[in-house]
Structure formats: structure tokens, C-alpha cells
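Each remark here refers to the structure printed beneath this line.
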Amino acid sequence: MNQWTDGTPLITRIILIIVLLITGIAVSTLRFGWNNSVEPFYIAPVLWLFTGLFVLRVVGQILIAIRPRSWLPPMEQWNLVPYSILLPIQFAFIAVMLWIDLAFTWESGISTAMNPSLGRFLIVFSAVYALAMPIRYVIRMSRRSDQRWFGGTIPMVFHIVLASYLYILGRFYVTA
101 MNQWTDGTPL ITRIILIIVL LITGIAVSTL RFGWNNSVEP FYIAPVLWLF TGLFVLRVVG
161 QILIAIRPRS WLPPMEQWNL VPYSILLPIQ FAFIAVMLWI DLAFTWESGI STAMNPSLGR
221 FLIVFSAVYA LAMPIRYVIR MSRRSDQRWF GGTIPMVFHI VLASYLYILG RFYVTA
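Residue numbers for the sequence shown, in my numbering: 101 to 276.
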């Protein structure tokens, strides 16, 4: 199998690259435009963006579980955890993310209160979480050279999205 026949359709490859670019730009924009203190409404759109990207991933996975699609890779490229366990966990993540997003949009609620210790934890956790994805990628590609460059990358890309969500939330809690 050559490097471009890993089972990942071209449209999926393009979407994954776009998701990484959008995530990087959103984090960079907030990170370098951050003042000493930030209002919840300032980061709410980015939290919603990351939530929306994650929801798209879950919807794509549901579509594949229902019926294979030519524009999406096969189910075995989407997760390591059995789908019957993963889907409820993803729904729980989405519910918590939506609760946080709404609180930041409305600028009220416990999730918008300053919490420096939680913020520092989230920043460190998100960094370790995000850095684990390139390591996971290298390990997968060394074990599955037939999957190079995009095979099995959907979970990794969206783990980076989730890590970015946690990073932005952590930065807010530290500087709010």
C-alpha cells in the first residue's frame, strides 16, 4: 500500500488539516491577544468553536456506525475504545462542554468563576494531553506503516481540539 492509500478519503484528510489549522489559529489568537484579565464573553466563541468541532467528529462517527460513507474512513480508524462505551462518554463530554459554553456566553455561573488552582491544573493537563497525540501518532505510524500519513488520525486530531478547549478554559481560570 502506498502512502496515499491508507483508507482515509481525500475530503477527510482536508477536513483534518483544516481542523488543526483552525484550532491552532484560535489558540494562538487568544493566547497572544490575552490581557491580564479576560471576560467570559471574550473566550466564549472559541469554546463554542471547539465544542462544534467535537460535535462534528461525533456526528461523523455516528454516520459511519449506521452505514459506511465513501467520504469518511472506516470505523476502525475512529477509536480505540469500543463504540458502545465511547459514545456515552462523548455525549457526556458534549453536555459538560455545552454547559460551560452557555455559562461563558451568559457570563454567569460557577464555571466562569476565577479558580487559579484549577486553571493551572487544566493548563498542565492540556499540555500533556496535547503532547501525547504526536507521540501516539509516531507509535501508530511505526506499527502501521500502511496507514501513513492519515490512517487513524481522526481521534488524535480531535483530542488536540479537546486539549485546546481545556487549555483556553485553564488560561481563563488563571487570569479571570
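C-beta atoms are modelled at their ideal positions from N, C-alpha and C, and glycine is treated no differently.
Collapsed DSSP secondary structure at residue i in the structure displayed
i: Gly270; result: helix
i: Glu176; result: helix
i: Met101; result: Legend: pLDDT at Met101 = 37, less than 50; position of this residue unreliable, no value from coordinates given.
i: Phe250; result: coil
i: Arg169; result: coil
i: Thr108; result: coil
i: Trp206; result: helix
i: Trp134; result: coil
i: Ala188; result: One detail in the question is off: residue 188 reads as Pro in this sequence, not Ala. Residue state, collapsed to three classes: helix.
i: Ala195; result: helix
i: Val119; result: helix
i: Ala263; result: helix
i: Ala213; result: coil
i: Val257; result: helix
i: Val181; result: coil
Separation of residue j from residue i, as counted between CA atoms
i: Leu130; j: Ile200; result: 18 Å
i: Arg240; j: Leu231; result: 15 Å
i: Glu139; j: Ile210; result: 14 Å
i: Ala263; j: Leu147; result: 11 Å
i: Pro174; j: Thr123; result: 24 Å
i: Ser217; j: Ala144; result: 21 Å
i: Val127; j: Leu186; result: 26 Å
i: Val155; j: Arg220; result: 26 Å
i: Phe132; j: Thr151; result: 21 Å
i: Trp104; j: Val181; result: Caution is warranted here: a pLDDT of 49 is assigned to Trp104, below 50, making its placement in the model unreliable, and the coordinate value is therefore given only provisionally. Approximately 26 Å between the Cα atoms of the pair.
i: Thr108; j: Leu172; result: 7 Å
i: Met197; j: Phe204; result: 11 Å
i: Tyr229; j: Tyr273; result: 18 Å
i: Met214; j: Ile166; result: 42 Å
i: Tyr267; j: Ile260; result: 10 Å
N-terminal and C-terminal residue of the alpha helix (DSSP H) that residue i is part of
i: Trp148; result: 140–166
i: Ala227; result: 216–243
Residue i at chain D interface by Cβ criterion, 7 Å
i: Ile118; result: Looking for chain D here will not work: only one protein chain is present.
Is it the case that the region 142–159 contacts the region 224–235, given that we only count it when at least three CB pairs across the two stretches are under 8 Å? no
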